[in-house]
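Residue numbers (our numbering): 168 to 322. Heads up, the beta-carbon is just placed ideally off N, CA and C, and yes, glycines get one too. In what follows, a structure is listed as structure tokens, so that the remarks can point back to it.
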Amino acid sequence: MPARANLFVGVKMYSSSFRLTNRDIDLAFEAGHLHLVFQPKIALATGRVLGAEAYVRWLHPDYGLMPPGLFLSFFDRRGRSGDLTRFVAAAAADTILDWRERGQNWPISINISGSDLTDPTLASALDAIVSERGLDPSYLTIEVPEAVFARHSED
168 MPARANLFVG VKMYSSSFRL TNRDIDLAFE AGHLHLVFQP KIALATGRVL GAEAYVRWLH
228 PDYGLMPPGL FLSFFDRRGR SGDLTRFVAA AAADTILDWR ERGQNWPISI NISGSDLTDP
288 TLASALDAIV SERGLDPSYL TIEVPEAVFA RHSED
């Protein structure tokens with residue numbers, strides 16, 4: 168049974184009373200509280216890994232591992248989704264290089280938010296991220312979740 172208890176280390180329950188601020192976002196970037204996890208994309212016929220999709224996670228020093236559904240909307244409400252997208256893109260690009268050094272030539276997909284779709288600087292920022300690292304842009308795929316389109320069609 169001890170292994171089961173370890174599954175929940177760093178996970179806390181959330182009530183409606185906890186508060187996040189812009190300073191929490193700044194600290195998350197500065198102190199390295201944000202990190203990526205990866206879901207592999209696998210060819211079912213062969214079992215071969217084709218790439219991965221990156222997801223951001225926030226290990227908050229006071230609240231523990233925060234569910235993305237909680238903090239992504241907070242970033243968006245604070246007008247900081249673009250900062251988060253740039254962080255995710257840069258971290259994914261660095262991971263592509265790290266994997267390549269280890270002999271794995273896998274592309275990574277990242278999701279962008281609805282507010283990213285109207286950001287006139289996003290394309291140039293993403294171009295800078297891949298070109299500064301000497302990456303072929305085809306290794307960093309940008310995906311727009313279906314929910315983004317559903318929300319925009321309701322507006």
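Boundaries of the alpha helix (DSSP H) around Leu289: Leu289 to Glu299. One alpha carbon belongs to Phe242, the other to Ser248, and they sit about 5 Å apart.
For Ile275, the number of other beta carbons within 10 angstroms of its own is at least 16, and it is reported as buried. Closest option to Met233, judged by alpha-carbon separation, among Trp225, Ser240 and Leu239: Trp225. In the three-state scheme derived from DSSP, where H, G and I count as helix and E and B as strand, Arg247 is classed as coil. Counting along the chain, Ile275 sits inside the beta strand (DSSP E) bounded by residues Ile275 to Asn278. Shown here for Thr285: not one same chain residue has a beta carbon closer than 7 Å to its own, the five before and five after excluded. Leaving aside the five residues that flank Glu220 on each side, the residues in its chain whose CB is nearer than 6 Å to its CB run, in chain order, Gln206 and Ser276. Pro235 sits in a helix when the DSSP states are folded into three classes.
Assignment of Ala256 by DSSP, reduced to helix, strand and coil, places it in the helix class. Closest in alpha carbon position to Trp266, among Leu201, Ala210, Leu187 and Val216, is Val216. In the structure shown, Thr262 adopts helical secondary structure according to DSSP, grouped into three states.
Note that the C-beta distance between Glu313 and Asn278 is not below 8 Å. Of the residues Tyr306, Arg245 and Val255, the one whose Cα lies closest to the Cα of Gln271 is Tyr306.
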